[in-house]
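Colleague:
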Amino acid sequence: MEIPRDVPKTPAAQALALNLVTAMDLLRLKSVARLYARGLPPEVGWADLLQEAFARVLDGSRKCPEGLPMTVFLSGVIRSIRAEHWRRARKRTARLPQMLAELDPSGNLEGEAGDATPHPERSLIAMQLLTEIYRLFAEDPRALEVIEGLFEGLLPEQIRAKYDMSKTDYDSTRKRMRRALLREGLRWGGHDN
Amino acid sequence: MTIDNVERLEGLLYALEQELIGATDEEILAAASDLGMNPAMKGSAAFFGVTVDLRTKARQGYVSQSSDTPGARRALKDDPSSRD
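So the sequence lines, in the order shown, correspond to chains Y and H. With my numbering, letter number 179 in the first sequence gets 180, and the count goes up by one each step, no holes. With my numbering, letter number 70 in the second sequence gets 434, and the count goes up by one each step, no holes.
1. Quick check on DSSP: helix, strand or coil for residue 138 of chain Y?
2. Does residue 113 of chain Y come within less than 9 Å of chain H when only Cβ atoms are used?
3. Which one of H/403, H/381 and H/368 has the shortest CA to CA distance from residue 179 of chain Y?
4. For a contact meaning CB atoms closer than 9 Å, what does residue 369 of chain H contact in chain Y?
5. Look at the alpha carbon of residue 377 of chain H and the alpha carbon of residue 368 of chain H, and state the distance between them as a whole number of angstroms.
6. Secondary structure at residue 370 of chain H, three-state DSSP: helix, strand or coil?
7. Using only the alpha-carbon positions, how far apart do residue 174 of chain Y and residue 144 of chain Y sit?
8. Give a yes or no on whether the minimum CB-CB distance between residue 110 of chain Y and chain H is below 9 Å.
9. Name the two residues that bound the continuous alpha helix (DSSP H) containing residue 161 of chain Y.
10. Is residue 76 of chain Y close to chain H? Criterion is C-beta to C-beta, closer than 9 Å.
11. Output needed for residue 392 of chain H: all residues of its chain with C-beta closer than 8 Å, excluding positions within five of it in sequence on either side, in chain order.
12. Closer than 7 Å by C-beta to residue 41 of chain Y: which residues in its own chain qualify, once you throw out the five before and the five after it? Chain order, please.
13. Can you round the beta-carbon distance between residue 184 of chain Y and residue 399 of chain H to whole angstroms, since I take them to be within the 8 Å contact cut?
14. Are residue 47 of chain Y and residue 31 of chain Y touching if we call contact CB-CB under 9 Å?
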């Protein structure tokens, strides 16, 4: 089916037309955007992260350093846009204690500025996200071990040593993980997650 | 979840991002095939939200007409005129 002519091209489609990326790169980046969109405020979807990243490259506000593959660069831009959304969301919620303090004549409020604990909402979202990742690999005990190792910040050799994995076993586990992640990233679904 | 754990989660996400970026074209096509999608097909659902604006298309009723979504395949199967 032909795409109607009156629909403007998305920034990603423009980048494809300009040969900045391949069609397969677009699907790689779609999967990355979907991974990073989880837990963001409801008004921000994976397609927003993806298209905003392409828009910034196309308008020249983000320039890919020479020699760096465009997919690597764009996935970094997606990550930084996500961080911007997090910062904005935190700023919005950080104003709440101040507003409450102004309303509370006693001025007794805990967890104000300087509190080193992460924002409860962000902690909750982080836990939900981790649960979702675990659920994605629930049927694959080896993949769960790799996830645990990555969560602990271990290097591949350390993960293999900790869970007694041969290199072949580790490599095939990562291959299964990539397939599952790609399926999750490409699956049919809405714009939001 | 402590700050440490939130940072660890960021590290995990970064590692998974690297897996996705490092996926070969064959792995992407295989994953798409698992979902019944064929990215080589024009109008493939794999590109909705990417080269095709989902919200614009939804308004135009285009999403339901994609040729490689399960719904579209069911519709084709049920439509006697599509069996020629």
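By construction, the Cβ of each residue, glycine as well, lies at the ideal position given by its N, Cα and C atoms.
Modeller: From the atom records:
1. DSSP places residue 138 of chain Y in coil when its eight states are reduced to three.
2. Residue confidence is low: residue 113 of chain Y scores 45 on pLDDT, short of 50, so the model does not pin down where it sits. Its coordinate-derived value is still stated next. No, residue 113 of chain Y lies away from the interface with chain H (no Cβ there is under 9 Å from its Cβ).
3. Among H/403, H/381 and H/368, the Cα nearest to that of residue 179 of chain Y belongs to H/381.
4. Contact of residue 369 of chain H with chain Y by beta-carbon distance below 9 Å involves 119, 124, 127, 128, 131 and 152.
5. Going by the C-alpha atoms only, they are around 14 Å apart.
6. In the structure shown, residue 370 of chain H sits in a helix (DSSP, three-state: H, G or I).
7. Whole-angstrom Cα-Cα distance: 6 Å.
8. Low confidence applies here, because residue 110 of chain Y scores a pLDDT of 48, under 50, leaving its location unreliable and the question unanswered by this model.
9. Unbroken alpha helix (DSSP H) run through residue 161 of chain Y: 157-163.
10. Interface with chain H (9 Å Cβ-Cβ cutoff): residue 76 of chain Y is included.
11. If we look at residue 392 of chain H and ignore the five residues flanking it on each side, its Cβ neighbours are 403.
12. Hits under 7 Å: 83 and 86.
13. Confirmed, Cβ separation roughly 6 Å.
14. Less than 9 Å divides the Cβ of residue 47 of chain Y from the Cβ of residue 31 of chain Y.
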